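For the sequence shown, the working numbering gives the first residue as 47, with consecutive numbering after it. Built from N, CA and C at the ideal position, the CB exists for glycine as well. Just so we're clear, the structure is a prediction, and the values are computed from it rather than from any experiment.
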Amino acid sequence: VQAWSLWVDGNARELVDRSVLESCPLDEVLRCVHIGLLCVQDHPNARPPMSSIVFMLENETALLPAPEKPTYFTIRSHEAEDWRKYMGRSENNMSITTLEGR
(Lines of atoms letter the chains of each structure in order from A and count residues from 1; the text may use other names and numbers.)
(Lines give C-alpha, C1' and ligand atoms only; values in the text may rest on other atoms or scores of the structure.)
Protein backbone atom coordinates (compact mmCIF):
# COMPACT_ATOMS: atom_id res chain seq x y z
CA VAL A 1 0.00 0.00 0.00
CA GLN A 2 2.76 2.43 0.89
CA ALA A 3 4.69 1.69 -2.31
CA TRP A 4 1.58 2.27 -4.41
CA SER A 5 0.75 5.53 -2.61
CA LEU A 6 4.28 6.84 -3.05
CA TRP A 7 4.31 5.77 -6.72
CA VAL A 8 1.01 7.51 -7.49
CA ASP A 9 2.17 10.66 -5.70
CA GLY A 10 5.44 10.67 -7.68
CA ASN A 11 7.49 9.98 -4.55
CA ALA A 12 8.67 6.42 -5.22
CA ARG A 13 12.24 7.51 -4.46
CA GLU A 14 11.27 7.53 -0.78
CA LEU A 15 11.03 3.73 -0.95
CA VAL A 16 14.73 3.41 -1.72
CA ASP A 17 17.22 2.96 1.11
CA ARG A 18 20.37 5.09 0.94
CA SER A 19 22.59 2.00 0.94
CA VAL A 20 20.90 0.80 -2.25
CA LEU A 21 21.53 4.12 -3.94
CA GLU A 22 25.23 3.80 -3.16
CA SER A 23 25.47 0.72 -5.37
CA CYS A 24 22.61 1.10 -7.89
CA PRO A 25 21.39 3.93 -10.10
CA LEU A 26 18.04 5.34 -9.00
CA ASP A 27 16.43 4.79 -12.41
CA GLU A 28 17.22 1.05 -12.25
CA VAL A 29 15.80 0.75 -8.74
CA LEU A 30 12.63 2.63 -9.69
CA ARG A 31 12.25 0.38 -12.75
CA CYS A 32 12.31 -2.64 -10.41
CA VAL A 33 9.70 -0.99 -8.19
CA HIS A 34 7.57 -0.33 -11.29
CA ILE A 35 7.83 -3.99 -12.36
CA GLY A 36 7.02 -5.09 -8.82
CA LEU A 37 3.86 -2.98 -8.86
CA LEU A 38 2.85 -4.61 -12.14
CA CYS A 39 3.14 -8.00 -10.40
CA VAL A 40 0.71 -7.13 -7.60
CA GLN A 41 -2.08 -5.50 -9.61
CA ASP A 42 -5.59 -6.15 -8.35
CA HIS A 43 -6.75 -8.10 -11.39
CA PRO A 44 -4.69 -11.26 -12.02
CA ASN A 45 -5.18 -10.94 -15.79
CA ALA A 46 -3.49 -7.54 -15.68
CA ARG A 47 -0.36 -9.01 -14.08
CA PRO A 48 2.43 -9.82 -16.54
CA PRO A 49 3.55 -13.43 -17.02
CA MET A 50 7.05 -14.37 -15.81
CA SER A 51 8.42 -14.33 -19.35
CA SER A 52 7.39 -10.68 -19.67
CA ILE A 53 8.85 -9.84 -16.27
CA VAL A 54 12.20 -11.35 -17.24
CA PHE A 55 12.09 -9.44 -20.54
CA MET A 56 11.35 -6.16 -18.72
CA LEU A 57 14.20 -6.75 -16.27
CA GLU A 58 16.70 -7.64 -18.99
CA ASN A 59 15.77 -4.86 -21.43
CA GLU A 60 16.17 -1.36 -20.07
CA THR A 61 14.52 0.14 -23.16
CA ALA A 62 11.34 -1.96 -22.94
CA LEU A 63 8.39 0.31 -22.27
CA LEU A 64 6.52 -0.52 -19.08
CA PRO A 65 2.76 -0.16 -18.85
CA ALA A 66 1.36 1.97 -16.06
CA PRO A 67 0.56 -0.22 -13.05
CA GLU A 68 -2.99 -0.46 -11.80
CA LYS A 69 -4.00 -0.32 -8.15
CA PRO A 70 -2.58 -3.34 -6.26
CA THR A 71 -4.42 -5.92 -4.24
CA TYR A 72 -4.12 -5.35 -0.54
CA PHE A 73 -5.99 -5.92 2.66
CA THR A 74 -6.24 -3.24 5.31
CA ILE A 75 -7.51 -3.79 8.82
CA ARG A 76 -7.64 -1.20 11.58
CA SER A 77 -5.81 -2.08 14.78
CA HIS A 78 -8.93 -2.35 16.97
CA GLU A 79 -10.60 -4.49 14.30
CA ALA A 80 -7.50 -6.66 14.19
CA GLU A 81 -7.69 -7.22 17.94
CA ASP A 82 -11.37 -8.22 17.72
CA TRP A 83 -10.59 -10.49 14.79
CA ARG A 84 -7.81 -12.26 16.73
CA LYS A 85 -10.23 -13.03 19.59
CA TYR A 86 -12.52 -14.96 17.28
CA MET A 87 -9.85 -16.57 15.18
CA GLY A 88 -8.59 -18.82 17.92
CA ARG A 89 -5.60 -20.94 17.15
CA SER A 90 -4.42 -21.22 13.60
CA GLU A 91 -2.22 -23.98 12.30
CA ASN A 92 -0.51 -24.27 8.98
CA ASN A 93 0.52 -27.67 7.76
CA MET A 94 2.90 -27.87 4.88
CA SER A 95 4.79 -30.68 3.26
CA ILE A 96 7.67 -30.31 0.87
CA THR A 97 8.64 -32.92 -1.65
CA THR A 98 12.12 -32.87 -3.09
CA LEU A 99 12.76 -34.81 -6.25
CA GLU A 100 16.27 -36.06 -6.84
CA GLY A 101 17.68 -37.80 -9.88
CA ARG A 102 19.15 -41.26 -9.61
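Nearest-angstrom beta carbon gap, residue j and residue i [assumed within contact, 8 Å]
| i | j | result |
| --- | --- | --- |
| Leu-61 | Val-79 | 6 Å |
Distance between residue j and residue i (C-alpha atoms, nearest Å)
| i | j | result |
| --- | --- | --- |
| Asp-63 | Asp-73 | 14 Å |
| Trp-50 | Gly-147 | 44 Å |
| Met-96 | Gln-87 | 14 Å |
| Leu-83 | Gly-56 | 14 Å |
| Ile-81 | Val-54 | 14 Å |
Beta-carbon proximity list for residue i, same chain, < 6 Å, skipping 5 on both sides
| i | result |
| --- | --- |
| Val-100 | none |
Cβ neighbour criterion (16 or more within 10 Å) applied to residue i
| i | result |
| --- | --- |
| Pro-90 | exposed |
| Leu-109 | exposed |
| Ala-92 | exposed |
| Leu-145 | exposed |
| Pro-113 | buried |
Same chain only: Cβ atoms within 8 Å of residue i, ignoring 5 sequence neighbours per side
| i | result |
| --- | --- |
| Cys-85 | Arg-93, Pro-94, Ile-99 |
| Leu-67 | Val-75 |
Spatial neighbours of residue i in its chain, beta-carbon cut-off 7 Å, leaving aside the 5 residues before and after
| i | result |
| --- | --- |
| Ser-65 | none |
| Ala-58 | Leu-52, Leu-76, Val-79 |
* **Residue ranges of each alpha helix (DSSP H) within the region 78–125, 4 or longer** => 96–104
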